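Working notes, structure below.
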Amino acid sequence: MSDLEGRRVLLVEDESLVAMLGEDMLLDLGCEVTVAMRLEKALALARNEAFDMAILDVNLGETVSYPIADVLFERCIPFIFATGYGTSGIAPTYNAIPVMQKPYQLGQMATLLKHLLNCETLVRKGGAPGTGVSCTCALTPGRTGPTAIRID
Amino acid sequence: MPGAVRPAPSTRNHSVDHGLRSESPIDEMPGPPRRGALENASLVPSRGPIASYDTATTTLPTLRRGSQLHETERRLNAVLNNASVAIFLMDDRQHCVYMNRAAELLTGFSLTEVLARDCPLHDIVHHTYPDGRPFPLHECAIDRAFPENNQERGEEVFVHKDGHFYPVGFTASPIRDDGAKIIGTIIEVRDITEEKAAAERQRLLTNELNHRVKNTLATVQSIAAQTFRSRTDQVARAVFDARMVALSNTHNVLTAENWESAGLRSVVESALAPHALAEIDTARFDLVGPDTRLHPKVAVTLALALHELMTNAAKYGALSVPEGRVAVHWTLTRIGAGEQLDMTWTETGGPAVTEPTRRGFGSRLIERQLPMEFDGTAVIAYPPTGVVCTLKIPLTTLGWHGRDVVLGRDAR
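In order, the protein sequences belong to chains V and U. All residue numbers in the first sequence are consecutive under the numbering used here, ending with 152. All residue numbers in the second sequence are consecutive under the numbering used here, ending with 412.
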């Protein structure tokens, strides 16, 4: 039994077929998936719904998913980026966020999501890789919403 | 300066309708060499001998200090000599009678040199084709622009004083005298070397992108072929290949348009054609609807959706029997700055339809992904007479609807 079983995951991906693939992979990992393919819908979900973690495609056609990342930061919901460009394609502000390389692979996805659940720290906006902020909601499945952040 | 250029008081018999006219009365100046009509009509900045030009700064001739036109002249000099575009004033014989500082920098010639040559400007800056052939004046597009129309535009290749060729964009407009008779030409010229180079880089990049996309699709296809080699996978492979081809065909349409947008009709036709080189079978398909421009993402998803409908029709529906027909009808309704596409796929003449018990890739793509991707709706109905699929796709929701709307769209 995967410890990803039953986790609620927000998947933001603007390409139909890629979103379909990502959704199937997350379902195979036992997650509950909510897919958003457009920025406005993803923002509304990120603000109002309960998620344990999220996968954000960086490039959403005409826009990028950073505003969603900022909402997730505020709500202490851990997330990873997905991109075909590699880490160099991510704005420096977000370079502490784990990056999943496209095309999607089940193994890579599972490893990164488990890392989000198990790591002691939640990365901080603007932080260097490896630096982080302790955040209890990163450890407690199901808890969402504003949480006191203790800076190490 | 906030104040507009004031017209001179009309106490003297000089009109200032062209702004460049010298106020200096002819009788106060030494006799100028009388040449083309432009100079005779007093349009040329200089009424004096050529030597009175200050060619170091390419100014209009100095006017009497304190005159009403002195200020006007100073402003004009400031405008002309600080303009980054080269400006040439030509007489009716195509001789250059004035050029600004940008024009001197562009051509490598000073105004003094050009005036001293006493020949059409063409013979100084435009005398040779880039391939080395002589370029006679009568073949020159700029010369032909003279003297009929305002703001005649074009591109040419000029020859610099040092012998190198450079591409330019020009705008030529006639200058008229008080009687509306054309007495000269004003020509603006820009060096477009950088634009040309940028356009060429863009073209190479687009070609490279097209090439790589195609190669990547072919590679994926090959990997799939190697992976699904066993006999039992043959059906799956055929379906997979057909989907890859549908995707590839849509990319053909997009490639033809440089990935900017795709024509709705050509997307529909290429999606429903049996293969890339074949025409759509008009005996079986009835396509009715206006053309419009589609965002590349809409084009790809719509083409894949139509491919799935067609595959399903060929296997179970109207296209599985010779007498079956498919009508694809669509309308465009203006909404806000864009349009909404309402498209209906209606099958008739096929075997009696029953609703499938299991939903596959096609219905998932159409009924779930397509509305989510474009904020539209999609319904597939299964009446006994034939499958009916109804799509509503707002073509504005990506903030992008073809090239035209992109340019006029509000920044987000």
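Backbone N, C-alpha and C fix where the C-beta goes; we use that ideal spot for every residue, glycine too. None of the values given here were measured: they were computed from a predicted structure.
> Rounded C-beta distance between THR193 (chain U) and TYR166 (chain U)? I'm assuming under 8 Å.
Replying inline: 6 Å
>> Check whether chain U comes within 9 Å of MET25 (chain V), counting only Cβ atoms and requiring the distance to be less than that.
In response: no
>> For a test of the three-state rule: what should DSSP assign to HIS307 (chain U), helix, strand or coil?
In response: helix
> Can you find a CB in chain U that lies within less than 9 Å of the CB of ALA82 (chain V)?
Replying inline: no
> By the 10 Å Cβ neighbour count, where 16 or more other Cβ atoms means buried, how is GLU139 (chain U) classified, buried or exposed?
Replying inline: exposed
> Whose C-alpha, out of U:ALA327, U:LEU395, U:GLU373, is nearest the C-alpha of GLY338 (chain U)?
Replying inline: U:LEU395
> What residue ranges within the stretch 312-383 of chain U form continuous beta strand (DSSP E) runs of no fewer than 3 residues, ordered along the chain?
Replying inline: 325-335, 338-348, 377-381
>> Taking its Cβ as the centre, do 16 or more other Cβ atoms sit within 10 Å of GLU5 (chain V), making it buried, or is it exposed?
In response: exposed
> Just checking my contact of GLY289 (chain U) with TRP259 (chain U) at CB under 8 Å: how many whole Å lie between their CB atoms?
Replying inline: At roughly 24 Å, the Cβ-Cβ gap does not stay under 8 Å, so GLY289 (chain U) and TRP259 (chain U) are not in contact.
> What separation, rounded to the nearest whole angstrom, lies between the Cα atoms of THR63 (chain V) and SER16 (chain V)?
Replying inline: 16 Å
> Which residues of chain V have a Cβ atom closer than 9 Å to the Cβ of MET244 (chain U), listed in chain order?
Replying inline: Near MET244 (chain U) there are no residues of chain V at all, since even the closest Cβ is about 12 Å away, more than 9 Å.
>> Output needed in chain order: residues of the stretch 355-382 of chain U with a Cβ under 9 Å from some Cβ in chain V.
In response: PHE361, ARG364, LEU365, ARG368, GLN369, LEU370, MET372, GLU373, PHE374, ASP375
> Between the C-alpha atoms of GLY154 (chain U) and VAL189 (chain U), what's the straight-line distance to the nearest angstrom?
Replying inline: 10 Å
> How would you write the range of the beta strand (DSSP E) that PRO174 (chain U) sits in, first residue to last?
Replying inline: 165-176
>> I'd like to know whether the C-beta atoms of ASN215 (chain U) and THR255 (chain U) end up nearer to each other than 9 Å.
In response: no
> Residue range of the alpha helix (DSSP H) that ASP241 (chain U) falls in?
Replying inline: 234-256
> With respect to the beta strand (DSSP E) encompassing TYR98 (chain U), which residues constitute its N-terminal and C-terminal limits?
Replying inline: 96-99
> Considering only C-alpha positions, which residue in the set U:GLN226, U:THR227, U:VAL239, U:LYS392 is nearest to ILE335 (chain U)?
Replying inline: U:LYS392
> Taking one C-beta from the stretch 67-76 of chain U and one from the stretch 173-180 of chain U each time, how about it: are there three or more such pairs within less than 8 Å?
Replying inline: no
> Residues in the stretch 280-302 of chain U with C-beta within 7 Å of chain V's C-beta atoms, listed in sequence order?
Replying inline: LYS297, THR301
> Where DSSP assigns a beta bridge to ASN59 (chain V), which residues make up the other side?
Replying inline: V:VAL64
> Which bits of chain U does ALA166 (chain V) rub up against, with CB to CB less than 7 Å?
Replying inline: Nothing in the structure corresponds to residue 166 (chain V), since chain V is present only between 1 and 152.
>> Quick check on ASP291 (chain U): buried or exposed, where buried means 16 or more other Cβ atoms within 10 Å of its Cβ?
In response: exposed
>> If I measure Cβ to Cβ from GLN151 (chain U) and keep anything under 8 Å in the same chain, skipping five residues before and after, which residues do I get?
In response: THR171, ALA172, SER173
> Do you know offhand how far ILE102 (chain V)'s Cα is from GLN226 (chain U)'s?
Replying inline: What sits at residue 102 (chain V) in the sequence shown is Lys, not Ile. Whole-angstrom Cα-Cα distance: 22 Å.
>> Tell me the DSSP secondary structure of THR111 (chain V) in three-state form.
In response: helix
> Can you tell me whether DSSP reads GLU269 (chain U) as helix, strand or coil?
Replying inline: helix
> Can you tell me where the beta strand (DSSP E) with ASP91 (chain U) in it begins and where it stops?
Replying inline: 86-91
> Taking Cβ positions only, does LEU306 (chain U) come closer than 9 Å to chain V?
Replying inline: no
> From the beta carbon of GLY61 (chain V), is the nearest beta carbon of chain U less than 9 Å away?
Replying inline: yes
> Closer than 9 Å, CB to CB, is LYS41 (chain V) near chain U or not?
Replying inline: yes
> Is DSSP giving GLY22 (chain V) helix, strand or coil here?
Replying inline: helix
> Alpha carbon to alpha carbon, how far is ASN81 (chain U) from ALA102 (chain U)?
Replying inline: 7 Å
> What first and last residue would you give for the alpha helix (DSSP H) that runs through LEU137 (chain U)?
Replying inline: Where LEU137 (chain U) is concerned, there is no enclosing alpha helix (DSSP H), given that its DSSP letter is neither H nor E.
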